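Engineer:
Residue numbers (UniProt numbering): 1 to 297.
#1: In chain order, what residues of the same chain lie with their CB nearer than 6 Å to the CB of residue 107, ignoring the 5 residues before and after it?
#2: Taking the straight line between their C-alpha atoms, what separation do you get for residue 296 and residue 265?
#3: Which of the three DSSP states, helix, strand or coil, is assigned to residue 299?
#4: Please report how far the alpha carbon of residue 157 lies from the alpha carbon of residue 285, in whole angstroms.
#5: Using C-beta distances below 6 Å, list every residue in its chain close to residue 110, excluding the 5 sequence neighbours before and after it, in chain order.
#6: Terminal residues of the continuous beta strand (DSSP E) containing residue 94?
#7: Within 10 angstroms of its Cβ, does residue 283 collect 16 or more other Cβ (buried), or is it exposed?
#8: Considering Cα atoms alone, identify which of 53, 32, 63 and 54 is closest to residue 47.
#9: Between which residues of its own chain and residue 5 is the CB-CB distance below 6 Å, once the five residues before and five after are set aside?
#10: Could you check the C-alpha separation between residue 271 and residue 144 for me, to the nearest Å?
#11: From the DSSP output, in three-state form, read off residue 9 for me.
#12: Given a threshold of 16 other Cβ atoms within 10 Å of its Cβ, counted over all protein chains shown, does residue 44 qualify as buried or as exposed?
#13: Going by the DSSP bridge assignment, what does residue 161 pair with across the sheet?
#14: Ordered along the chain, which non-local residues of its own chain (more than five positions away) have a Cβ less than 7 Å from that of residue 57?
#15: Within its chain, find whatever has a CB closer than 8 Å to the CB of residue 224; leave out the 5 residues flanking it on each side and keep chain order.
#16: Is the distance from the Cβ of residue 243 to the Cβ of residue 217 below 8 Å?
#17: In the DSSP output, what is residue 230 paired with across the bridge?
#18: Which value, in whole angstroms, describes the spacing of the CA atoms of residue 205 and residue 163?
#19: To the nearest angstrom, how far is it from the Cα of residue 170 to the Cα of residue 182?
#20: So what's residue 50 in DSSP terms, helix, strand or just coil?
#21: Determine the contact status of residue 73 and residue 28, defining contact as a CB-CB distance below 8 Å.
#22: What span of residues does the alpha helix (DSSP H) with residue 25 cover, start to end?
#23: So, helix, strand or coil for residue 252, using DSSP?
#24: Output the boundary residues of the alpha helix (DSSP H) element that contains residue 35.
#25: Check whether the Cβ atoms of residue 279 and residue 137 sit closer than 8 Å, and answer yes or no.
#26: Does the Cβ of residue 245 have 16 or more other Cβ atoms within 10 Å, making it buried, or fewer, making it exposed?
#27: Output yes or no for whether 8 Å exceeds the beta carbon distance between residue 166 and residue 258.
#28: Spatial neighbours of residue 191 within its chain, please: C-beta separation below 8 Å, excluding the five flanking residues on both sides.
#29: Need the endpoints of the beta strand (DSSP E) that residue 283 sits in, please.
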């Protein structure tokens, strides 16, 4: 069995790849770090790090050991934290939010289960405007957000909702009566664009610059909100790929929604700031997963 300090030393060095920074984080000397690593390597029977005067790198065996140990250590820490939480109770406040009406039921089921498990924690629920989701997570006014992936720059929990994609078009658009369309039609019509604050990864997923065959996609006007984007579609200014639930939550006589038969599903789930991974956040994400059966990929 490895001692706790040996595992901690190894994983910290595997992350930092620098003896000085590792020693500083663990508040020991670099000589102590070297001694622990040599002791581990003798026990393993093979080098775990390649060390030169300028570079520290994991060997293939070291990389495999790090990959195997990280989830085990995280599991132990989570188990201890759950025991502490059960003994003390989970109190305080948690601010959760959702983007789009289709995610609201997922969030509310999570809130209900979380409240049953942790009645001393007050949960505040909000709908987050599209333009302020990222800033609200960064400034702490929202702890957990149920939103669409990809949501780059944030911690992302398991997908809780999978939704087929459809193409929103004006009711009098030539595609309005089609049984289904391919993503290739995006090369034939201007596509309404998301606000400038939306992340680049999200825009590439929803409103790509090119079709699967490589044809350029004409850029339509930019909407300030999702409702404004749909209004631009209804006015004939462009088309917009959206989730199929949009047809239920935004049913309008001046819009039509056509299935996109070759598009991957939209995935939605919990999003939070990694540096704000508190016990409350972890427990809420766990409740969200338990309250919403995993969708099939």
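Don't be surprised by glycine CBs; every beta carbon is placed ideally from N, CA and C. Nothing here was measured: the structure is a model prediction, and the numbers come from that model.
Structural biologist: With the structure as the only source:
#1: Cβ neighbours of residue 107 beyond the five flanking positions: 98 and 146.
#2: Residue placement at residue 296 is flagged as unreliable, the pLDDT there being 44, under the threshold of 50; the coordinate-derived value follows with that caveat. Cα to Cα, residue 296 sits roughly 11 Å from residue 265.
#3: Only positions 1 to 297 of the chain appear in this structure, which leaves residue 299 out of reach.
#4: Each residue's Cα considered, the two are about 7 Å apart.
#5: Counting only Cβ-Cβ distances below 6 Å, and skipping sequence neighbours, we find 287, 288 and 291.
#6: Element bounds for residue 94: 92–98.
#7: Of the other Cβ atoms in all chains shown, 16 or more fall within 10 Å of the Cβ of residue 283; this residue is therefore buried.
#8: The shortest Cα separation from residue 47 among 53, 32, 63 and 54 belongs to 63.
#9: Within the same chain, residue 5 has no close Cβ partners at all.
#10: Answer to the nearest angstrom: the Cα atoms are 6 Å apart.
#11: The three-state reading of DSSP puts residue 9 in helix, counting H, G and I together.
#12: Label assigned to residue 44: exposed.
#13: Looking at the DSSP assignment, residue 161 forms a beta bridge with 268.
#14: Only 17, 49 and 50 meet the Cβ criterion.
#15: Once the five neighbours on either side are set aside, the close Cβ partners of residue 224 are 131 and 195.
#16: Contact flag unset, no.
#17: Per the DSSP secondary-structure output, residue 230 pairs with nothing in a beta bridge.
#18: About 14 Å.
#19: Approximately 17 Å between the Cα atoms of the pair.
#20: Note: residue 50 maps to strand in three-state DSSP.
#21: Not closer than 8 Å, so no.
#22: First-last of the alpha helix (DSSP H) with residue 25: 19–26.
#23: If DSSP states are grouped into helix, strand and coil, residue 252 belongs with coil.
#24: First-last of the alpha helix (DSSP H) with residue 35: 30–44.
#25: No, they are not a contact pair.
#26: Counting other Cβ atoms within 10 Å of its Cβ, residue 245 reaches 16 or more and is therefore classed as buried.
#27: Yes, the pair counts as a contact, with Cβ atoms nearer than the cut-off.
#28: Annotation for residue 191: 207, 217, 218, 219, 220, 238, 239, 240 and 241 place their beta carbon closer than 8 Å to its own, counting only its chain and skipping 5 residues before and after.
#29: Counted as a single uninterrupted DSSP element, the stretch harbouring residue 283 is not any beta strand (DSSP E) but the alpha helix (DSSP H) occupying residues 279–291.
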